[in-house]
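Heads up: the sequence shown runs through residues 1 to 437, numbered per the working numbering.
Structure first, then comments.
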Amino acid sequence: MAGTATPPIRWTNWAGNQHSHAPVLRPADAEETAAAIRDAVTRGQRIRPVGSGHSFTALACTDGYRLQLSRSVADATVDVRRRRVTVPGETTLHDLNDLLARHGLALPNLGDIDAQTVAGAVATGTHGTGAHLGCLSTTVVAFTLVTGVGEILRCNADEHPDIFAAARVSLGALGVLVDVTLQCVDAFVLHAHERPDSLTAVLGQVSTLVEAHDHVEFFWFPYTDRVQVKTNDRVPLDDRPLPGWRRWLDDDLLANTLYGGLCRIGRALPTLAPTLTTVATRALTERHYTGRSDRVFCTPRRIRFTEMEYALPRENLPEALHALRHIVDGLPFRVLFPAEIRFTAADDIWLSHSHGRDSAYVAVHQYAGMPYEPYFRAFEAVATELGGRPHWGKLHWRDAESLAPAYPRFADFQHLRDRLDPHRVFANPHLTTLLGP
């Protein structure tokens, strides 16, 4: 094998539900990556690029080699005039956000976790919320891809446009994203408003709500009609920063330490789950604050859980949540985590969850160590019937046959995969299920 491989190392994802035991390759650049791929083809070996392990699926598992590039954000280049940054694919969003802030720039939108690598977040369609904003992949304007035959391609809307249209959300099936160029915006400040409300009231005004704010999301707490709504809007001044003690109280003590304690009690004594959820909703308070955009978007997540998320046509959200409430009430076990609802705009990326349509995302969670599969499968059946598409980085049980009708360019993606990875050097059992052999 070209390059030096470690002895087999056990790998576990963040949630602890996926495991793999494989040697690791750490190429230094695109050329070494290409050589390793060509060597793998010759030997009949497989390679899976691995990010920070924040996917809940088996995307990163392999019976061959794990590939982890070894550069850092120090290798990034920033074009302040054009508001663009080119970073190694293995750069974490956290490091990227700090780099951009130092140059007066920011990403226009982010999810609530910043530990993912750029390549991993792009490959799985990671998204935040905003009715007029797409997923992170819509900010990609160019990338360098090493294909399954060891070819190095620089892709953008003009060079290899079909690959550019497909590989911005590719599940790591088309090649290795060794660097990514992102279109940024000038750094901005957000005003965050968090408040408790009822699910009934929010659904009654959801269309107005998402149009009235730059970013809207809400969390529904099982066994109640209570939600926590968060809106983020751009403002000119950071004139209401959250005091350090309040951030520690809300985000560390209440959201992580104490809520984690309630979850552990609920796991040990499941019959108490509805009561504990009610207690948790009573602790919800209203707060306003301002801050640097990425620090408002991203929050610490130290409680481990499993997750499934579906992107639905936006108009189908009320029906989906009505069904979700009935599913939760009828389960033979209890649900300890709230469901999260977010919104994104339509895009043209072939395997994007929002390809061709505005979407509402419903994410369902379960505390680590608690049963989840019957819950997730029941909601998946509802979401599929409503035209839902599963988030590629979250648990689901769809296969190529059921996914093909959901994506107008699915067959085109399969054909491009045949061209770029004819030997299936990037394949694993999970990808074979999703995309076919």
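We put the beta carbon where it would ideally sit given N, CA and C, even for glycine.
Counted within 10 angstroms of its Cβ, other Cβ atoms place residue i as buried (16 or more) or exposed
{"i": "I47", "result": "buried"}
{"i": "L253", "result": "Caution is warranted here: a pLDDT of 49 is assigned to L253, below 50, making its placement in the model unreliable, and no coordinate value can be reported."}
{"i": "P437", "result": "exposed"}
{"i": "D294", "result": "buried"}
{"i": "G330", "result": "exposed"}
{"i": "P338", "result": "buried"}
{"i": "A157", "result": "exposed"}
{"i": "V80", "result": "exposed"}
{"i": "H353", "result": "buried"}
{"i": "G172", "result": "buried"}
{"i": "P222", "result": "buried"}
{"i": "R417", "result": "buried"}
{"i": "D399", "result": "exposed"}
Residues bridged to residue i (per DSSP)
{"i": "N156", "result": "A142"}
{"i": "D179", "result": "P88 and T144"}
{"i": "H13", "result": "Note that residue 13 is Asn in the sequence shown, not His. DSSP, once it has assigned bridges, lists no residue as partnering N13."}
{"i": "L105", "result": "D186"}
{"i": "Q438", "result": "Shown here, the chain extends from 1 to 437; a query on residue 438 therefore has no answer."}
{"i": "T341", "result": "Residue 341 is actually Ile in this sequence, not Thr. Note: I341 sits in a beta bridge opposite F218 and V362."}
{"i": "E194", "result": "K230 and R287"}
{"i": "P390", "result": "Y310"}
{"i": "D225", "result": "Paired residue(s): none; D225 is not in a bridge."}
Beta-carbon proximity of residue i to residue j, cut-off 8 Å
{"i": "V141", "j": "H103", "result": "no"}
{"i": "P422", "j": "G148", "result": "yes"}
{"i": "H215", "j": "G128", "result": "yes"}
{"i": "Y407", "j": "C263", "result": "no"}
{"i": "G204", "j": "A311", "result": "no"}
{"i": "S450", "j": "R226", "result": "With the chain represented from 1 up to 437, any question about residue 450 goes unanswered, as that position is not in the structure."}
{"i": "H430", "j": "A34", "result": "no"}
{"i": "A273", "j": "V335", "result": "yes"}
{"i": "A101", "j": "R234", "result": "no"}
{"i": "H396", "j": "F305", "result": "no"}
{"i": "E451", "j": "K394", "result": "The structure shown does not extend to residue 451, since the chain is modelled only from 1 through 437, so no value can be given for it."}
{"i": "R83", "j": "Q183", "result": "yes"}
Cut-off 6 Å between Cβ atoms - residues of its own chain near residue i, not counting five sequence neighbours on either side
{"i": "H94", "result": "D114"}
{"i": "G16", "result": "none"}
{"i": "T86", "result": "T77, D179 and T181"}
{"i": "R438", "result": "With the chain covering only 1 through 437, there is no way to say anything about residue 438."}
{"i": "R26", "result": "Q68 and S70"}
{"i": "H19", "result": "T12"}
{"i": "V73", "result": "T91, D95 and L99"}
{"i": "L317", "result": "A360"}
Residues of its chain near residue i, where Cβ-Cβ distance is below 8 Å and the 5 sequence neighbours each way are ignored
{"i": "Q116", "result": "G51, S52, H54, T92, L93 and T126"}
Spatial neighbours of residue i in its chain, beta-carbon cut-off 7 Å, leaving aside the 5 residues before and after
{"i": "E217", "result": "T129, K230, E340, I341 and R342"}
{"i": "T224", "result": "T277, T278 and T281"}
Residue i beta carbon near the ligand FAD (any heavy atom closer than 7 Å)
{"i": "S402", "result": "In terms of ligand content, the structure shown is empty, and the ligand FAD therefore cannot be addressed."}
At least 3 beta-carbon pairs within less than 8 Å: the region 226-239 vs the region 177-195:
yes
Three or more C-beta pairs under 8 Å: does that hold for the region 401-419 against the region 162-172?
yes
Meets three-Cβ-pair contact criterion under 8 Å: the region 274-293 and the region 339-354
no
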